[in-house]
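Report on the structure given below.
Chains as they are written, first to last, in my numbering: chain A, 1 to 230; chain B, 1001 to 1194.
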């Protein structure tokens, strides 16, 4: 962007000092092309006042309020309430019979009633899996001792904004192991809600939002169940 | 943002929300529904998606209210949530050429195209608004959000900096580039005008 162009934009933003403004106006007086450009820009910006504005539906606020979740209580709070509240035991013959049947079935299973699988069953299962692309377990890691939360999102989860949470270890390393099929995946971390590119990625692609997506190449046969560093 | 000045009871409403008062939150939603829906619409270019994103914005605001700092402006905080929702959505959708979704506006454009044949016709600002709406969807998201906050929502660079978490100087450059990109997008329309 040339100095003249920058001055033009600063003039539009009313960002010039009185001296700069005067000098710019004098230039404008001499330079018809610059004058045309300014008029063009001002005409375009005046168009913003004519952008159609949407009116919220009458029921919008009610719909939002209806979707508000009641405050959630923790597991222990609910468990304590359940354990300490008086409960009345109600029963009927049909329910009692069904319960007795379930208990008998459980006792039979525990006493070896469960049929043994035929030998070689697991091998068959493995062979069945061999027809599909093998799953590679990829271990992703990000060092950030000060972060409160780290999630990952990318091609593998449809860029779900909530992402998948990484777990923080004692030394500030955040890790997650995810099963992936071989392929090329773009992804980003979200560190305390901010998009962060994995600095250790093998490749990067501009994301169109001023940052770069990290790229992960998951290859078959190299990892054999062992974690692949992301 | 100047729109806060007329609502002295905002702090009280927020305090009531923190005590799980849904009615108070409904008042806040009523108050900010229009700017938030329009911000989302400018960002994503689709009526229905804009409404959904606005709803998500308010629901996130409700959940996040305990973290809201009393010394911050509620509107700025809400704008930040809305912009994040929109960029998350666009990132997921990765649409680069989003059409204007309103059928009526598409028809308007068709009619306008016929009117261009009249050389005497003055360039109407209303037509400019319709073309500008489409042009906005064609420029990079980074420039779009800066332009919308500056020229459509009328925020200062300082307010924008607070919302986007980006330095004012960087935002100025984004707005400059947005203007140039939009002017380029509108070249056919503007240069054909007498």
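Ideal placement from N, C-alpha and C gives every residue a C-beta, glycine not left out.
Limits of the alpha helix (DSSP H) - the one that residue i falls within
{"i": "residue 1025 of chain B", "result": "1022-1044"}
{"i": "residue 1170 of chain B", "result": "1168-1185"}
{"i": "residue 3 of chain A", "result": "3-12"}
{"i": "residue 1093 of chain B", "result": "1074-1093"}
{"i": "residue 1067 of chain B", "result": "It is not in any alpha helix (DSSP H) - residue 1067 of chain B carries neither H nor E in the DSSP assignment."}
{"i": "residue 1131 of chain B", "result": "1125-1138"}
{"i": "residue 159 of chain A", "result": "Premise fails: residue 159 of chain A is in no alpha helix (DSSP H) and is neither H nor E."}
{"i": "residue 102 of chain A", "result": "93-108"}
{"i": "residue 65 of chain A", "result": "60-67"}
Whole-angstrom C-beta distance between residue j and residue i, which should lie under 8 angstroms
{"i": "residue 1054 of chain B", "j": "residue 1037 of chain B", "result": "4 angstroms"}
{"i": "residue 1189 of chain B", "j": "residue 68 of chain A", "result": "The pair is not a contact, with the Cβ atoms about 44 angstroms apart (cut-off 8 angstroms)."}
{"i": "residue 1148 of chain B", "j": "residue 1043 of chain B", "result": "7 angstroms"}
{"i": "residue 1132 of chain B", "j": "residue 48 of chain A", "result": "7 angstroms"}
{"i": "residue 1092 of chain B", "j": "residue 195 of chain A", "result": "Their Cβ separation, rounded to whole angstroms, is 12 angstroms, which puts residue 1092 of chain B and residue 195 of chain A out of contact at 8 angstroms."}
{"i": "residue 46 of chain A", "j": "residue 1185 of chain B", "result": "So it is not a contact: roughly 16 angstroms between Cβ atoms."}
{"i": "residue 182 of chain A", "j": "residue 141 of chain A", "result": "At roughly 20 angstroms, the Cβ-Cβ gap does not stay under 8 angstroms, so residue 182 of chain A and residue 141 of chain A are not in contact."}
{"i": "residue 28 of chain A", "j": "residue 34 of chain A", "result": "6 angstroms"}
{"i": "residue 187 of chain A", "j": "residue 166 of chain A", "result": "With 8 angstroms as the limit, residue 187 of chain A and residue 166 of chain A do not qualify as a contact, their Cβ atoms being about 12 angstroms apart."}
{"i": "residue 41 of chain A", "j": "residue 1179 of chain B", "result": "6 angstroms"}
Residue i - containing beta strand (DSSP E), residue span
{"i": "residue 152 of chain A", "result": "150-154"}
{"i": "residue 40 of chain A", "result": "Per DSSP, residue 40 of chain A belongs to no beta strand (DSSP E); it is in the alpha helix (DSSP H), 32-46."}
{"i": "residue 1009 of chain B", "result": "Neither: residue 1009 of chain B is in no beta strand (DSSP E) and is coded neither H nor E."}
9 angstroms Cβ cutoff met for residue i and residue j
{"i": "residue 190 of chain A", "j": "residue 161 of chain A", "result": "yes"}
{"i": "residue 1018 of chain B", "j": "residue 1065 of chain B", "result": "yes"}
{"i": "residue 1075 of chain B", "j": "residue 1140 of chain B", "result": "no"}
{"i": "residue 1078 of chain B", "j": "residue 1057 of chain B", "result": "yes"}
{"i": "residue 185 of chain A", "j": "residue 208 of chain A", "result": "no"}
{"i": "residue 1033 of chain B", "j": "residue 1041 of chain B", "result": "no"}
{"i": "residue 174 of chain A", "j": "residue 143 of chain A", "result": "yes"}
{"i": "residue 1014 of chain B", "j": "residue 1083 of chain B", "result": "no"}
{"i": "residue 197 of chain A", "j": "residue 137 of chain A", "result": "no"}
{"i": "residue 1146 of chain B", "j": "residue 1174 of chain B", "result": "yes"}
{"i": "residue 1039 of chain B", "j": "residue 1152 of chain B", "result": "yes"}
{"i": "residue 50 of chain A", "j": "residue 1129 of chain B", "result": "yes"}
{"i": "residue 1196 of chain B", "j": "residue 13 of chain A", "result": "The first residue shown for chain B is 1001 and the last is 1194, placing residue 1196 of chain B beyond what the model contains."}
{"i": "residue 156 of chain A", "j": "residue 180 of chain A", "result": "yes"}
{"i": "residue 1023 of chain B", "j": "residue 1016 of chain B", "result": "yes"}
{"i": "residue 201 of chain A", "j": "residue 1029 of chain B", "result": "no"}
{"i": "residue 145 of chain A", "j": "residue 163 of chain A", "result": "no"}
{"i": "residue 36 of chain A", "j": "residue 1176 of chain B", "result": "no"}
{"i": "residue 8 of chain A", "j": "residue 20 of chain A", "result": "no"}
{"i": "residue 957 of chain B", "j": "residue 15 of chain A", "result": "What is shown of chain B runs 1001 to 1194, which leaves residue 957 of chain B out entirely."}
{"i": "residue 220 of chain A", "j": "residue 192 of chain A", "result": "no"}
{"i": "residue 1011 of chain B", "j": "residue 1061 of chain B", "result": "no"}
DSSP bridge partner residues for residue i (one or two, in chain order)
{"i": "residue 217 of chain A", "result": "A:184"}
{"i": "residue 189 of chain A", "result": "A:152 and A:196"}
{"i": "residue 204 of chain A", "result": "A:214"}
{"i": "residue 1157 of chain B", "result": "BP columns for residue 1157 of chain B are empty, so no partner."}
{"i": "residue 135 of chain A", "result": "Residue 135 of chain A is not bridged to any residue."}
{"i": "residue 1146 of chain B", "result": "Beta-bridge pairing links residue 1146 of chain B to no other residue."}
{"i": "residue 175 of chain A", "result": "A:141 and A:167"}
Residue-level contact to chain E via CB, residue i, 9 angstroms cutoff
{"i": "residue 1045 of chain B", "result": "The displayed structure is made up of protein chains A and B, and chain E is not among them."}
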